[in-house]
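To start, the structure under review is shown below, and the notes come after it.
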Ligand SMILES: Cc1cc2nc3c(=O)[nH]c(=O)nc-3n(C[C@H](O)[C@H](O)[C@H](O)COP(=O)(O)O)c2cc1C
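Here it is as structure tokens:
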């Protein structure tokens, strides 16, 4: 199953267009499951509210993951490929995608910790592709807290070997040819 996590929050999103172009060019034979974050309530772990940290810790301690906060992680653990699309916001990614990823990083569902303290992946994802667009020019990798963050999770928690970024930069410039920039990025 290819899990397509759409973290684009505008109806006319260029990032979503780029992700769709990329997906058209990708020959994937299996089922594609879509998660449209704009249409979902995604609450972060918190002291109070729908996803309380106390309930999270108890579930991890007792290995019982029936609480709805674990639905995203359970689905993620079933994927064999993941596509995440999100605009570049404030050198990072939208808070809603961050909250989603926080829930996906559920110990005992998508990763675990062995007796030596090492992270063990509970996923079997062969490839993760992160698709993004940005208004400004390409930034130094040290300033990219979007793909850099996702890549760390993918490599450290889920042990994904093939982690790649498909990005179109400079879309908000006065003379930007947006269609051309998206096509060029999709061909990467
Ligand atoms: C809240 C917000 C924060 C943004 N931060 C950045 C930024 O840090 N760097 C940048 O180059 N563009 C930034 N932009 C511009 C977007 O990255 C750009 O317009 C992008 O193509 C939007 O994608 P979308 O069409 O999929 O919504 C920001 C836009 C918004 C709305």
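Numbering (the working numbering), first residue to last: 17 to 204.
The beta carbon of each residue, even a glycine, is placed where N, CA and C say it ideally should be.
These numbers come from a predicted model, not from an experiment.
Residues near residue i by beta carbon distance below 6 Å, same chain, minus five either side
i, result
"residue 92", "120 and 126"
"residue 181", "146 and 163"
"residue 143", "97 and 178"
"residue 122", "86 and 89"
"residue 35", "101 and 147"
Own chain partners of residue i with C-beta closer than 7 Å, once the 5 adjacent residues on each side are dropped
i, result
"residue 194", "30 and 187"
"residue 171", "179"
"residue 159", "107"
"residue 137", "127, 173, 174 and 175"
"residue 141", "95, 96, 97, 98, 174 and 176"
"residue 17", "46, 47, 49, 94, 95 and 96"
First through last residue of the alpha helix (DSSP H) which encompasses residue i
i, result
"residue 99", "Unbroken run through residue 99 is the beta strand (DSSP E), 97–101; no alpha helix (DSSP H)."
"residue 166", "163–168"
"residue 87", "87–92"
"residue 72", "69–78"
"residue 20", "Not the alpha helix (DSSP H): residue 20 falls in the beta strand (DSSP E), residues 18–22."
Endpoints, the beta strand (DSSP E) within which residue i is located
i, result
"residue 143", "143–149"
"residue 52", "48–52"
"residue 137", "135–137"
"residue 184", "178–184"
Neighbourhood of residue i by C-beta, 8 Å cutoff - its chain only, sequence neighbours within 5 removed
i, result
"residue 203", "41"
"residue 199", "37"
"residue 25", "53, 54, 103, 110 and 112"
"residue 116", "21, 23, 51, 53, 58 and 88"
"residue 129", "123, 135 and 136"
Nearest-angstrom beta carbon gap, residue j and residue i [assumed within contact, 8 Å]
i, j, result
"residue 56", "residue 99", "Wrong, their Cβ atoms sit about 17 Å apart, outside the cutoff."
message = Count Cβ pairs between the region 93–112 and the region 62–74 that sit closer than 8 Å; are there 3 or more?
response = no
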